[in-house]
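Chemist: Here's a structure for you.
Next comes the structure, spelled out in structure tokens:
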């Protein structure tokens, strides 16, 4: 095993694990902004209870997110030293900006939100959760700036053996930043709604805390429907168009288009096999891909055969992860739409089957986030910076495979432990429910 | 003043900010490891509960700023100190989750487990930061292309371990002083006793480390005696260290916290002044050292980052002060506590 492969495994593992948590925190934080505003304005204790209960879930998730995120800030230096030297002039700035504009804001005000409920006025307390939500969102923005620059680099020139900044705003708002930000941020909102909906559904099925659960379910389902629809159109759609325009090899790979054609069909289902690359058992809709990508049903879409072999991303994993993400996205619309219809007909509280599905659907948006991330990042390979620097040129030269095996095993064990404990404590917190909080706290 | 110099100062400010703020909660963690009484442990954890996370952000932002301003240093030091950094990160991960996990299960064993994770997660970084600084001060094997060519074992040398113990004593002292501002009665009395012991250890270690440095890294003393900044920091250090026991004795705890903060700032300031303009000396050839000029980003990036810092940091400082004011005073255990 070489240093490049091991470094990639470690990076994928650490980021993949970390990326479970921020979407939940961002989504829940914005939902709590709504909940706390209702509690404050309506002077309704039930909303305060919802806030306290989901605040505990937010705190747990946030803590694991912070813990797993510490590694991220330093891993570019430890494992990708050549990359850090080459792009440091551009890539360090968004990471530093994330610290200055986001980390301080979210962590400081989360402390105030969780521990300051009785120490500050209701308005200041609401402001605290608003700052947590804004901070988490700004954090997402800056890290997406960094990630997008690797996909569609802009605002730089190559000189003195490195990439040097020429235009800060061009680098920040590189061609894929804005759409990737909305696409990812909206995915986080979906993740938060499904967390809140699933937990509320659990209480409704168990006939516990029903007054509270009906209110939180209502907020989560309606909010969830809006954000799930927005994810399909415009965010998902525009994301796809951006890839088609700017990264045609990646587009061909995720769509499974192996030969260039006009009036390209959209593969709804298929099993990619290779070599040579081919789709088996496929179900296609004629001309749809051309129309979706370029707004013209007869437009030509470039296939994999157009590009040199050494510039191609892995085909199987990109196709499969992208398609499963889309399927899950459709499922979110279906579920939240059914939920909203039942809500409108005043029958949601009796629809036990649907409620049960909502419980099981809690992790689905997380899967969708991970799949989307895999499609985007694996689709960028073999480049670490698209068409500028190759991944195998980017690793640290001073580390040996033994070092990496040690760190991979160590992080794997730590994350496994923390992951299991997170789920255990989350389930425990949910089963415990929002009431009796005082009683338990006195015991501990 | 050129931008490289400004960024040398700003990275220094971030490191000092981190050492003062996370320093006291690392110190509280170390003290926690040796505390037996359960209610004292809870007071200790809740004394830092609402603020530790914000304090650790100083480290993350410092890392980001180092990456942005001096990417060659970021890349060379972190990849060179690979195993040490992985251990540091592992410790910080355990420390971060232990706050949230500890109180969630009502079992003595569970609590003990996370007490140990929190304690070791504070002890290990307190030492490792010093070990890293020690290695940087004595120089690391950097070749003419700015690449690190040493190994992990080289990092464990008597000088660096001494600096590791020095940073441990400095943070523990700072943590004990912080706890006097947050507690009453027995716990506070115990802390006052602890302060006088650790103060002695800290002063001894600092004197020994200074003399050791003359042999280990003579270049640190090249020009500093003519540097007025050196003398200002030296006098600040001397004054704050010597005045500290007097202030603790007369029970002015907040003032003693300010004094130990000044001590930390001047210790780090003196280190920075003696390194300047080098950031990482090379022990192969001093001319291969990474300096604030040969390891920096371009002027454009440094300028952009300066604007970001000038807009962002005043806002950060304003709301940090606001949040600390909300939580000022003695710890009260309530139902929201850890």
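Chains as they are written, first to last, in the working numbering: chain A, 49 to 492; chain B, 1233 to 1570.
C-beta: ideal position from N, C-alpha, C; glycine also.
#1: Hey, is the stretch 237 to 252 of chain A in contact with the stretch 68 to 77 of chain A, meaning 3+ C-beta pairs nearer than 8 Å?
#2: By Cβ distance, which residues of its chain are closer than 6 Å to residue 1449(B), with the 5 residues on each side in sequence left out?
#3: Are residue 142(A) and residue 184(A) touching if we call contact CB-CB under 9 Å?
#4: Does DSSP classify residue 1388(B) as helix, strand or coil?
#5: Which chain B residues sit within Cβ distance under 7 Å of residue 462(A)?
#6: Can you tell me whether DSSP reads residue 355(A) as helix, strand or coil?
#7: Can you tell me which of the three DSSP states residue 1303(B) falls into?
#8: Please classify residue 219(A) as buried or exposed, where buried requires at least 16 other C-beta atoms within 10 Å of its C-beta.
#9: What in chain A is Cβ-close to residue 1332(B), meaning under 7 Å?
#10: Near residue 276(A), what residues of its chain come up, given a Cβ to Cβ distance below 6 Å and the 5 sequence neighbours on each side ignored?
#11: Between which two residues does the alpha helix (DSSP H) harbouring residue 397(A) extend?
#12: Does residue 1363(B) get closer than 9 Å to chain A when you measure Cβ to Cβ?
#13: CA-CA distance, residue 406(A) and residue 455(A)?
#14: With H, G and I counted as helix, E and B as strand and the rest as coil, what does DSSP make of residue 279(A)?
#15: Return the first residue and the last residue of the beta strand (DSSP E) that residue 1499(B) is part of.
#16: Flag residue 365(A) as yes if its beta-carbon sits less than 9 Å from any beta-carbon of chain B, otherwise no.
#17: Near residue 372(A), which residues of its chain fall below 7 Å by C-beta distance, leaving aside the five closest residues on each side in sequence?
#18: Is there a Cβ from chain A that is less than 9 Å from the Cβ of residue 1537(B)?
#19: Using 9 Å as the threshold, is the C-beta distance between residue 134(A) and residue 56(A) below it?
#20: CB-CB under 8 Å to residue 1295(B), same chain, minus the five flanking residues each way: which ones, in chain order?
#21: What are the boundary residues of the beta strand (DSSP E) that residue 1532(B) is part of?
#22: DSSP state of residue 1241(B), grouped into three classes?
#23: Give me the DSSP bridge partner(s) of residue 1441(B).
#24: For residue 417(A), which option in 472(A), 228(A), 155(A) has the closest C-alpha, if you only look at C-alpha atoms?
#25: Count the other C-beta atoms from every protein chain shown that fall within 10 angstroms of the C-beta of residue 378(A), then say buried if there are 16 or more, exposed otherwise.
#26: Name the chain B residues that come within less than 7 Å of residue 466(A), Cβ to Cβ?
#27: For residue 1341(B), is the classification buried or exposed, using 16 other Cβ atoms within 10 angstroms of its Cβ as the cut-off for buried?
#28: Measure from the C-beta of residue 439(A) to each C-beta in chain B and report whether the shortest distance is under 9 Å.
#29: Among 129(A), 89(A), 97(A), 462(A), whose alpha-carbon lies nearest the alpha-carbon of residue 52(A)?
#30: Can you give the Cα-Cα distance for residue 61(A) and residue 365(A), rounded to whole angstroms?
#31: Please tell me whether residue 1292(B) has its Cβ less than 9 Å away from any Cβ of chain A.
#32: Residues in the stretch 166 to 195 of chain A with C-beta within 7 Å of chain B's C-beta atoms, listed in sequence order?
#33: Check the Cβ of residue 1407(B) against every Cβ in chain A and list those closer than 9 Å, keeping chain order.
#34: May I have a chain-ordered list of the alpha helix (DSSP H) segments no shorter than 4 residues that lie completely inside the stretch 1349 to 1413 of chain B?
#35: Using DSSP bridges, identify the partner residues of residue 1523(B).
#36: How far does the beta strand (DSSP E) with residue 97(A) in it reach, from first residue to last?
Modeler: From the atom records:
#1: yes
#2: For the purposes of this step, residue 1449(B) is taken as residue 217 along the second chain, with counting starting at 1. Excluding residues within five positions, the ones whose Cβ falls inside 6 Å are 1369, 1370.
#3: Working through the first chain from its first residue, we reach residue 142(A) at position 94. Working through the first chain from its first residue, we reach residue 184(A) at position 136. Not in contact: residue 142(A) and residue 184(A) (Cβ atoms no closer than 9 Å).
#4: Translated into positions along the second chain, residue 1388(B) becomes position 156. Coil at residue 1388(B), not helix or strand.
#5: Locating residue 462(A) in the first chain gives position 414, counting from the first residue. What residue 462(A) touches in chain B: 1322, 1325.
#6: Position 307 of the first chain, counted from the start, is the residue given in the question as residue 355(A). The answer is coil: DSSP assigns residue 355(A) none of H, G, I, E or B.
#7: Working through the second chain from its first residue, we reach residue 1303(B) at position 71. Residue state, collapsed to three classes: helix.
#8: Numbered from 1 along the first chain, position 171 holds the residue referred to as residue 219(A). When all chains shown are included, residue 219(A) counts as buried.
#9: Within the second chain, numbered from 1, the residue matching residue 1332(B) stands at position 100. The answer, in chain order, is 107, 108, 111.
#10: Taking the first chain and counting its residues from 1, the one referred to as residue 276(A) is at position 228. Taken in chain order, the residues that qualify are 238, 380, 381, 384.
#11: Residue 397(A) sits at position 349 when you count from the first residue of the first chain. Neither: residue 397(A) is in no alpha helix (DSSP H) and is coded neither H nor E.
#12: Here residue 1363(B) refers to the residue found at position 131 when the second chain is read from its first residue. No, no contact with chain A.
#13: Here residue 406(A) is taken as the residue at index 358 of the first chain, counted from 1. Here residue 455(A) is taken as the residue at index 407 of the first chain, counted from 1. About 38 Å.
#14: Translated into positions along the first chain, residue 279(A) becomes position 231. Reduced to three states, the DSSP call for residue 279(A) is helix.
#15: Here residue 1499(B) is taken as the residue at index 267 of the second chain, counted from 1. Element bounds for residue 1499(B): not the beta strand (DSSP E) but the alpha helix (DSSP H), 1485 to 1507.
#16: What you label residue 365(A) is simply residue 317 of the first chain in a count that begins at 1. No, because no Cβ of chain B sits closer than 9 Å to the Cβ of residue 365(A).
#17: Here residue 372(A) refers to the residue found at position 324 of the first chain. Result list for residue 372(A): 419, in chain order.
#18: Taking the second chain and counting its residues from 1, the one referred to as residue 1537(B) is at position 305. Output row for residue 1537(B): interface = yes.
#19: Translated into positions along the first chain, residue 134(A) becomes position 86. Translated into positions along the first chain, residue 56(A) becomes position 8. Residue 134(A) places its beta carbon 9 Å or farther from that of residue 56(A).
#20: As a first step, residue 1295(B) must be located in the second chain, where it is residue number 63. In its chain, beyond the 5 residues on either side, 1306 have a beta carbon closer than 8 Å to the beta carbon of residue 1295(B).
#21: Numbered from 1 along the second chain, position 300 holds the residue referred to as residue 1532(B). Careful: residue 1532(B) lies outside any beta strand (DSSP E), inside the alpha helix (DSSP H) at 1531 to 1558.
#22: Taking the first residue of the second chain as 1, we reach residue 1241(B) at position 9. DSSP places residue 1241(B) in helix when its eight states are reduced to three.
#23: Within the second chain, the letter at position 209 stands for residue 1441(B). None; residue 1441(B) has no bridge partner.
#24: Within the first chain, residue 417(A) is the residue found at index 369, counting from 1. If we check each option's Cα against that of residue 417(A), 228(A) comes out closest.
#25: To locate residue 378(A), count along the first chain from 1; it is residue 330. When all chains shown are included, residue 378(A) counts as exposed.
#26: Taking the first chain and counting its residues from 1, one reaches residue 466(A) at position 418. Residues of chain B passing the Cβ test: 1329.
#27: Numbered from 1 along the second chain, position 109 holds the residue referred to as residue 1341(B). Under this definition residue 1341(B) is an exposed residue.
#28: Within the first chain, numbered from 1, the residue matching residue 439(A) stands at position 391. Not an interface residue.
#29: On the first chain, residue 52(A) is found 4 positions in, with the first residue counted as 1. Measuring from the Cα of residue 52(A), the nearest candidate turns out to be 129(A).
#30: To locate residue 61(A), count along the first chain from 1; it is residue 13. To locate residue 365(A), count along the first chain from 1; it is residue 317. Distance between the alpha carbons of residue 61(A) and residue 365(A) is about 16 Å.
#31: As a first step, residue 1292(B) is located in the second chain; it is residue number 60 there, counting from the start. Chain A, which has a Cβ nearer than 9 Å to the Cβ of residue 1292(B), makes this yes.
#32: 167, 168
#33: Here residue 1407(B) refers to the residue found at position 175 of the second chain. The contacting residues do not exist; residue 1407(B) stays about 18 Å from chain A at best.
#34: Taking only runs of at least 4 residues, the alpha helix (DSSP H) segments lying wholly in the stretch 1349 to 1413 of chain B are 1384 to 1387.
#35: Taking the second chain and counting its residues from 1, the one referred to as residue 1523(B) is at position 291. 1510(B).
#36: Position 49 of the first chain, counted from the start, is the residue given in the question as residue 97(A). Residue 97(A) -> not in any beta strand (DSSP E); alpha helix (DSSP H) instead, spanning 93 to 127.
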